[in-house]
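If you read the sequences in order, they're chains A and B.
Position one of the first sequence corresponds to residue 95 (our numbering), numbered consecutively onward.
Position one of the second sequence corresponds to residue 1448 (our numbering), numbered consecutively onward.
Working notes for the structure below.
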Amino acid sequence: MKQWIVRAVLLGALAALGYWLWTIFFPNPEKVIRNRIQEVARLASFSSNEGALAKLSNAQKLSSCVADNVEIQVEFQRHSERIFSGRDDVLQACVAARNLAGGLTVEFPDVVVTLHPGKESATAEVTLRAQIQGERDYIVQELKIEFVKIGGEWLIRRAETVRTLQ
Amino acid sequence: MSEQAPANPNWARILLIGRNPAWTAVRIAILVIVTIVVSKFVLIPIRVEGVSMLPTYRQGKINFVNALVYRSHEPQRGDVISIRMAGMRVMLLKRVVGLPGEVIAFRNGQLWIDGSPVPEPYVKFPCNWQMDPEQIGPDEFYVVGDNRSMPQSDHTQGLAKRKRIVGKVLL
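This is the structure we're talking about:
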């Protein structure tokens, strides 16, 4: 009887290990997109003492998360709108932001991913929470991000701000 | 015939894990499950960030959102509600001032509903906001913060869809 219990426990452990390895080698697209969003948050964050080389390197890494033909539409306080088109435009904006602001912390506490049929594209609804170094208040903004799978990588094809209140 | 005196119970152990450790474990498990369910679906804990609800709610204050209250009735004018964004970890905290079907306006800081001024005792700071009359849709509520001393352009306010309203702030 005892031997059976040991065997069952070992079988369970083996199945769990197999499942874990399966998720490592064949990750769920939703999980990959979530990881990509957290990577964007990490790369978009910077401190005031970030060196010039690190600034450029991190901005380049951030721009590598977007597709060549990316379009990012940002609405500021309902009054003005800015559209960034293409990877180069995004790279320039990232470098400019790093030079202007003293430091920035970016988080995406809420992420809802919806995979489209065919699993080659997806939409993520996220809440952005950012804090400029030295400021007390957070910037909170809802975003809609569209991902496409290009060359096995999930890249941002389009991003836009969403009005929580109309 | 002699009776052996019971050994002195270890009170520290009893206090920590009870007389019956198995039942204590079951009780702890039930308590954890109930706490998780209640804090996710019934009374959602929140921490206030920002200044838009001053002076009613100050920065850092802990509160709870009653997520069941609007199952029996719709939000009322004056209710402080939480509005979900992409998820429930970050929500907006605002006061309902306009109800579905009403026409809302601000004139020199005074709230007007359907052409009549509406008193707002919770607004303590001076305000000079102006907003032309706006029709509220059938499934919408006009929400705004209590701190009207800040510039209108910096204050997040507007129409909240009913499906985005999570619940009413408890305290």
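C-beta atoms are modelled at their ideal positions from N, C-alpha and C, and glycine is treated no differently.
| query | Taking the DSSP output, what are the residues bridged to T1513/B? | reply | Per the sequence shown, the amino acid found at residue 1513/B is Asn instead of Thr. Paired residues: L1490/B, K1615/B.
| task | Just mark V220/A as buried or exposed, buried being the case when its beta carbon has 16 or more other beta carbons within 10 Å. | result | Buried, because 16 or more other Cβ atoms sit within 10 Å of the Cβ of V220/A.
| message | K1571/B and P1468/B - do their beta-carbons sit closer together than 9 Å? | response | No, Cβ-Cβ distance for P1468/B and K1571/B is not below 9 Å.
| message | Below 8 Å, how does it come out for the region 1517 to 1524 of chain B and the region 1458 to 1476 of chain B: are there three or more Cβ pairs, yes or no? | response | no
| request: Could you tell me which chain B residues have their CB closer than 8 Å to the CB of H173/A, listed as they occur along the chain? | output: Those within 8 Å of H173/A in chain B are S1600.
| request: For N152/A, collect the residues of the same chain with a Cβ closer than 7 Å to its Cβ; drop the 5 residues on either side in sequence, then sort them by chain order. | output: L137, F140
| task | For V205/A, decide whether its Cβ has a neighbour in chain B, counting only Cβ atoms nearer than 9 Å. | result | yes
| said: For the pair the region 196 to 206 of chain A and the region 167 to 182 of chain A, tell me if three or more CB-CB distances fall below 8 Å. | reply: no
| said: Here's the rule: buried if 16 or more other CB atoms are within 10 angstroms of the residue's CB, otherwise exposed. What is G1614/B? | reply: buried
| task | Would you mind working out which of Q227/A, I233/A, A216/A, A224/A sits nearest E240/A, comparing C-alpha positions? | result | A216/A
| Counting along the chain, where does the alpha helix (DSSP H) carrying I177/A start and finish? | Unbroken run through I177/A is the beta strand (DSSP E), 174 to 179; no alpha helix (DSSP H).
| query | So with Cβ pairs under 9 Å, would you call W1474/B a contact of chain A? | reply | What sits at residue 1474/B in the sequence shown is Arg, not Trp. R1474/B does not count as touching chain A.
| query | Name the DSSP beta bridge partners of L1539/B, please? | reply | I1530/B
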